[in-house]
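Visitor:
In our numbering, the protein residues as written are 1 to 74.
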């Protein structure tokens, strides 16, 4: 499996997210929960930025899949 990594450094905190392709929705939901948590330093701008990066990475993976050469079996 190809694990993806997303990171954000904010003040003295470093957020590191590792996720499998196909679990992007779960990751975005967790980022939202973190932004809602008053005990977490992650704010809504950070959540939006990270969510955008997740979407951009997923779109890039789709584009690579579409552009991949097709193997024809005889």
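Beta carbons are placed, not taken as given, at the ideal position from N, Cα and C, and that holds for glycine.
Predicted model, so just to flag it, every value in this text is computed and none were measured.
Give the range of the beta strand (DSSP E) segment to which residue 8 is assigned.
Guide: 4 to 10
Visitor: Taking the C-alpha atoms as reference points, what is the distance between residue 52 and residue 27?
Guide: 12 Å
Visitor: Leaving out the 5 sequence neighbours to the left and right, which residues in its chain are closer than 7 Å to residue 57 when beta-carbon positions are compared?
Guide: Excluding the 5 residues flanking it on each side, residue 57 has same chain C-beta neighbours closer than 7 Å at 4, in chain order.
Visitor: Considering only the beta carbon of each residue, do residue 47 and residue 61 sit closer than 9 Å?
Guide: no
Visitor: Residue 16 and residue 50 - do their beta-carbons sit closer together than 9 Å?
Guide: The answer is no: Cβ separation not under 9 Å.
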